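This report refers to the structure that appears directly beneath it.
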RNA sequence: GGCGACGUAGCUCAGUUGGUAAGAGUGCUCGACUCAUAAUCGAGAGGUCGUGGGUUCAAGUCCCACCGUCGCUACCA
């Protein structure tokens with residue numbers, strides 16, 4: 218189903234106090250692959266990621282390092298940018314909350330909310346944990362300490378601005394009823410949060426400077442979350458002369474982890490509604506990656522840098538594993554053994570080996586020159602079905618389903634070769650040309666369909682079967698149609714696309 | 001405590017609004033093939049869909065209870 222339109226997809230912006238790890242990589246690679254799929258469709262696509270750079274934690278670590286908060290943020294933000302580049306993640310924009318345009322957008326949105334009567338001033342006192350940047354109730358404390366950091370809390374009393382979240386319950390229910398939160402189980406969680414009753418939330422601080430200034434009161438900066446979320450609007454020009462909200466916002470898709478469901482499925486739409494704007498079209502909530510049953514968190518010990526894995530599996534190997542083995546939504550087990558198994562079976566044996574055997578037979582039986590496919594090939598129908606299911610999978614932002622649908626076609630092609638045994642046919646005969654033409658055509662289609670995930674390997678396949686140009690420049694659905702592979706191209710025999718891996722001890 | 005999610009073949013997971021005798025991949029067993037990265041293909045074994053009730057002509061799919069796992073409530077993908 219081809220449609221040309223706008224498609225806007227975002228990751229959360231990552232807090233620069235953190236080091237990029239495999240959890241960030243999962244979210245970001247998913248968004249990248251989906252964005253690449255939409256580019257193939259010809260949609261105007263905006264893929265946004267970036268870094269969240271305000272807040273007390275940044276201010277403190279800057280002080281500890283003897284640099285300014287901005288310098289601190291510059292260094293760590295750059296680290297995220299480099300990590301994404303190393304994983305073939307190609308965002309259209311990398312936003313930073315310290316950019317002037319973001320301050321402008323934040324101030325504009327919150328002023329709108331205030332003008333609509335949803336922000337008021339009140340004083341707040343409580344036990345404050347610096348590490349959490351949050352207040353605690355007496356009941357929550359453990360021996361007078363913060364339950365998370367197990368360190369003493371400070372008694373703080375300050376004037377805060379509050380957002381009247383409690384007034385937004387009905388509007389949020391209505392939004393959730395539109396199916397905006399995906400998958401269904403996560404929608405229930407969001408609904409559950411609302412049903413327990415929403416309290417107004419504090420959105421400003423007087424105790425710190427490192428943040429976006431509250432425009433109507435110089436003594437305050439906004440609490441980091443209430444500026445961070447607004448990045449999704451900043452990036453498309455909200456508050457600037459190049460406001461492109463009309464173009465992008467109706468097709469907005471946020472990809473987030475379930476830990477920040479509350480912010481993205483409750484606070485964020487509430488803010489937008491209060492500002493008189495439309496909430497996002499969809500929030501896609503995924504689960505955690507589990508390692509030996511333990512959550513990969515920034516306070517946990519199981520830190521895995523993406524580079525640790527690309528060294529052994531390659532960028533495509535890592536991307537494929539994250540996209541194929543993680544079912545979008547539930548928590549997912551992440552294991553070394555699982556990665557090895559998936560790499561060897563799907564990439565080395567099924568896809569890589571298909572390319573090898575086809576190239577060899579074309580050289581032995583067809584003089585190394587490809588043939589056009591048979592229009593009546595049974596694989597034509599298989600390819601059409603595969604495309605439909607693959608497209609549906611990407612459209613729904615369920616990469617594992619999309620990839621499984623693509624691989625079904627590749628497996629069917631291995632079976633097709635087995636059935637016809639072209640290696641036994643007479644060299645140069647019409648029948649061997651026909652069979653190999655069909656197989657080459659599948660490889661061409663597979664190169665296109667796998668390109669969102671296998672960014673460089675798909676191009677290698679494309680080139681190996683003699684095609685010019687970039688596979689990423691192909692346009693769907695036309696490029697998935699049967700009959701696109703022309704006769705007369707030189708097919709190259711190359712090194713194995715994905716050398717088999719032996720598990721390390 | 002309150003709220004929520006999850007619990008389907010050894011493993012990882014699919015199962016749209018309840019409806020033809022439960023699916024895929026992987027693993028295992030047997031067989032075939034030898035063009036190919038000891039790769040590929042075929043066949044087979046393997047599940048009382050966590051437990052117990054209920055609604056229904058019909059439930060993995062809805063309702064209740066219970067068991068187990070995890071999360072939110074209370075920073076962070």
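In our numbering, the protein residues as written are 218 to 722. For every residue, glycine included, the Cβ atom is placed at its ideal position computed from N, Cα and C. Here the structure is a predicted model, which means the values were calculated and not measured.
Tell me the DSSP secondary structure of residue i in three-state form.
{"i": "residue 715", "result": "coil"}
{"i": "residue 418", "result": "strand"}
{"i": "residue 423", "result": "coil"}
{"i": "residue 501", "result": "strand"}
{"i": "residue 530", "result": "helix"}
{"i": "residue 470", "result": "strand"}
{"i": "residue 224", "result": "strand"}
{"i": "residue 234", "result": "coil"}
{"i": "residue 655", "result": "helix"}
{"i": "residue 683", "result": "coil"}
{"i": "residue 282", "result": "helix"}
{"i": "residue 543", "result": "coil"}
{"i": "residue 229", "result": "strand"}
{"i": "residue 372", "result": "strand"}
{"i": "residue 537", "result": "helix"}
{"i": "residue 702", "result": "coil"}
{"i": "residue 558", "result": "helix"}
{"i": "residue 573", "result": "helix"}
{"i": "residue 593", "result": "coil"}
{"i": "residue 549", "result": "strand"}
{"i": "residue 460", "result": "coil"}
{"i": "residue 507", "result": "strand"}
Buried or exposed for residue i, please, with buried defined as at least 16 other CB atoms from any protein chain shown within 10 angstroms of its CB.
{"i": "residue 705", "result": "exposed"}
{"i": "residue 594", "result": "buried"}
{"i": "residue 395", "result": "exposed"}
{"i": "residue 293", "result": "buried"}
{"i": "residue 679", "result": "buried"}
{"i": "residue 405", "result": "exposed"}
{"i": "residue 249", "result": "buried"}
{"i": "residue 702", "result": "buried"}
{"i": "residue 468", "result": "buried"}
{"i": "residue 581", "result": "exposed"}
{"i": "residue 635", "result": "exposed"}
{"i": "residue 604", "result": "buried"}
{"i": "residue 632", "result": "exposed"}
{"i": "residue 640", "result": "exposed"}
{"i": "residue 577", "result": "exposed"}
Return the chain-ordered list of same chain residues with a C-beta closer than 6 Å to the C-beta of residue i, the five sequence neighbours on each side being excluded.
{"i": "residue 222", "result": "260"}
{"i": "residue 559", "result": "538, 542"}
{"i": "residue 575", "result": "656"}
{"i": "residue 456", "result": "321, 322, 325"}
{"i": "residue 255", "result": "224, 262"}
{"i": "residue 379", "result": "337, 339, 417, 419"}
Are there any heavy atoms of the ligand COA lying less than 7 Å away from the beta-carbon of residue i, as far as the coordinates show?
{"i": "residue 384", "result": "As far as ligands go, the structure on display features none, and thus does not contain the ligand COA."}
If I measure Cβ to Cβ from residue i and keep anything under 8 Å in the same chain, skipping five residues before and after, which residues do I get?
{"i": "residue 244", "result": "228, 229, 472, 473, 474, 503"}
{"i": "residue 328", "result": "432, 433"}
Hey, would you say residue i sits closer than 8 Å to residue j, going by beta carbons?
{"i": "residue 297", "j": "residue 268", "result": "yes"}
{"i": "residue 276", "j": "residue 410", "result": "no"}
{"i": "residue 377", "j": "residue 492", "result": "no"}
{"i": "residue 662", "j": "residue 606", "result": "no"}
{"i": "residue 583", "j": "residue 637", "result": "no"}
{"i": "residue 443", "j": "residue 384", "result": "no"}
{"i": "residue 341", "j": "residue 375", "result": "yes"}
{"i": "residue 266", "j": "residue 290", "result": "no"}
{"i": "residue 532", "j": "residue 690", "result": "no"}
{"i": "residue 708", "j": "residue 579", "result": "yes"}
{"i": "residue 484", "j": "residue 408", "result": "no"}
{"i": "residue 237", "j": "residue 307", "result": "no"}
{"i": "residue 671", "j": "residue 536", "result": "yes"}
{"i": "residue 445", "j": "residue 312", "result": "no"}
Only counting the same chain, and skipping five residues up and downstream in sequence, which positions put a Cβ closer than 7 Å to that of residue i?
{"i": "residue 495", "result": "466, 489"}
{"i": "residue 630", "result": "571, 596, 656, 659"}
{"i": "residue 389", "result": "411, 483, 486, 487"}
{"i": "residue 648", "result": "642"}
{"i": "residue 618", "result": "610"}
Which ranges would you report for the alpha helix (DSSP H) in the region 380 to 450 if only whole runs of at least 4 residues count?
386 to 393, 401 to 412, 441 to 445
Mind pulling the beta strand (DSSP E) runs of 3 or more residues that sit fully within the region 246 to 285?
261 to 269
Just to confirm the assignment: which complete beta strand (DSSP E) runs, minimum length 3, are found wholly within the region 293 to 351?
310 to 313, 336 to 346
Could you tell me which whole alpha helix (DSSP H) segments of length 4 or greater appear in the region 613 to 657?
616 to 637
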